[in-house]
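Reviewing the structure listed below.
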């Protein structure tokens, strides 16, 4: 049987309905994260003194503000994707699911797409609100930097790439873990790995150049693109059903 | 066994054919498209409604006319009026019925039911039995695994008794006939004065015993042939006959006999 987008779509639809009725997901993604990750960067930028505007502290402040924006696509999917397989197993729905004709790759792609939709919506929405706030109220000197091409490129490019990394790492951990909480903790931890490099770039510890940024983006893109194949190899139906390989 | 036939786990050895397709890693998806498995626990998405649960599985089977199929499946388990309720709000018995409706969605060639009444109260179990009986009448090949032998006896045309390995396969009546001689049970208002003489007059009675005063168990070839002359003889010798009937051995008796004397090994 060939790869079926129809079956992928069935998984995505089911997951999105489930998220919508899951208080944890709604509260985390729709209230707590937007509040925290809009307020913190806004406070960073709006508390800059006039004397700091032309100093190196400005770069650091803006770097930290923009870094907050990139934490969102790393954190949200890591928690959701870590739950994706082990969660099904814990609530007893994995076995009925695996008795259908669905292939492992279809299930994983469906899970990944379902996690990526709320992640990207929330991450871009938070970034949009941040830009609106800066555009409306910030010092013009700040606006120039925040709306600079380099920063916009980094944000727009790295939000989906970091989300992709977190999703595949989370699902990979979820396929191998025996406990939801352990999976989520490990997943959050692992999802922050590429963020360290992004943070070093944002804070000018590593001098951000266009080539370096694009190289990093290309690396993440490759990992995201082959992620589903790598995770599919780790997806052992038998182990997930009986607990341990016989 | 169901997990192996359902391609969820690999067999350690041997081979099997499911709906005409040989079991292998490559044919897993193809086999799963033709069969349906209802695991021991319903495994429903509790935050989704009954309809949404079925809709998801209809998508996974790539079914056409989804709404019509869901309506039909829900009607067959008498849940048409509960379609918009969250599965989390349903009782255990109702969840089992939703799981059964889910299994019927794809019109499977073979339906596997793993302990379908496990954990259900007698009323819910009775409902599930009726539903499975209705499936059989509609020509759906159903394979049920159960520890409840009275359930197997009630639901199954053929029974396989497994204890670590396959001991016996056959129709329940055949299994009984293979393992036990047929018996007539006779209850009289009082003991016979000379039972040996009375029973020796009746053709077909091979052996008799008296487990209780006034109750007799007779080994016979064919109870239907022996019962009428037996009753005539008993009445002729002045006995008050309270009941005469064939003593049926349950599947549990068959199972205990097999396990107890190792007959399974011989078979």
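Residue numbers (our numbering), protein chains in the order written: chain A, 1 to 246; chain B, 1001 to 1267.
The beta-carbon is built from N, C-alpha and C at its ideal position, and this holds for glycine as well.
Go ahead and label residue 158 (chain A) buried or exposed: buried means 16 or more other beta carbons lie within 10 angstroms of its beta carbon, across all protein chains shown. buried
Excluding five sequence neighbours on each side, which residues of the same chain lie with their C-beta closer than 6 Å to the C-beta of residue 168 (chain A)? The beta carbon of residue 168 (chain A) sits closer than 6 Å to the beta carbons of 227 and 231 from its chain, once the five residues preceding and following it are set aside; these are given in chain order.
Give the list of continuous alpha helix (DSSP H) stretches no shorter than 4 residues that lie fully inside the stretch 184 to 231 of chain A. 193 to 202
Return the first residue and the last residue of the beta strand (DSSP E) that residue 1205 (chain B) is part of. Per DSSP, residue 1205 (chain B) belongs to the beta strand (DSSP E) from 1205 to 1212.
Whole angstroms are fine: how far does the CA of residue 1252 (chain B) sit from the CA of residue 29 (chain A)? Straight across, the Cα-Cα distance linking residue 29 (chain A) with residue 1252 (chain B) is about 56 Å.
Residues that residue 238 (chain A) contacts on chain B, provided the C-beta gap is smaller than 9 Å: 1003, 1008, 1009 and 1010
Beta strand (DSSP E) containing residue 1176 (chain B): first to last residue? No beta strand (DSSP E) contains residue 1176 (chain B), which is instead part of the alpha helix (DSSP H) from 1172 to 1179.
In angstroms, rounded to a whole number, what distance separates the CA positions of residue 46 (chain A) and residue 1055 (chain B)? Approximately 50 Å, taken between the alpha carbons.
Closer than 7 Å by beta-carbon distance: list the chain A residues that pair up with residue 1041 (chain B), in chain order. Simply 92.
Name the DSSP beta bridge partners of residue 1220 (chain B), please? Paired residues: B:1182 and B:1205.
Which of helix, strand or coil DSSP assigns to residue 1072 (chain B): helix
Within-8 Å CB hit, residue 77 (chain A) to chain B: no
Between residue 145 (chain A) and residue 151 (chain A), what straight-line distance do the alpha-carbon atoms span, to the nearest angstrom? 8 Å
Using the Cα positions of residue 1077 (chain B) and residue 1071 (chain B), report the straight-line distance between them to the nearest angstrom. 10 Å
Residue 1245 (chain B) lies in the beta strand (DSSP E); which residues open and close that run? 1241 to 1247 is the extent of the beta strand (DSSP E) around residue 1245 (chain B).
Could you tell me if residue 1236 (chain B) is buried or exposed, where buried requires 16 or more neighbouring beta carbons within 10 angstroms of its beta carbon? exposed
With C-beta atoms as the reference, is residue 235 (chain A) less than 8 Å away from residue 104 (chain A)? It is a contact, given that the beta carbons lie within the stated cut-off.
Can we say the stretch 110 to 129 of chain A touches the stretch 185 to 201 of chain A, given the rule of at least three CB pairs closer than 8 Å? no
Which of the residues in the stretch 22 to 38 of chain A, read from start to end, lie with their CB under 8 Å from any CB of chain B? 22
Where do the ends of the alpha helix (DSSP H) carrying residue 42 (chain A) lie? Per DSSP, residue 42 (chain A) is one residue of the alpha helix (DSSP H) stretching across 33 to 46.
Beta-carbon proximity list for residue 1093 (chain B), same chain, < 6 Å, skipping 5 on both sides: 1120 and 1124
Would you mind giving the Cβ-Cβ distance between residue 180 (chain A) and residue 87 (chain A), rounded to the nearest angstrom? I have them listed as a contact below 8 Å. 6 Å
Report the neighbours of residue 1057 (chain B) on chain A: residues whose CB is nearer than 7 Å to its CB, in chain order. 100
Buried or exposed (CB count within 10 angstroms, at least 16 for buried), residue 1197 (chain B): exposed
Residues in its own chain within less than 7 Å of residue 951 (chain B) by CB, not counting five upstream and five downstream? Within the shown structure, residues of chain B are numbered from 1001 to 1267, placing residue 951 (chain B) beyond reach of any answer.
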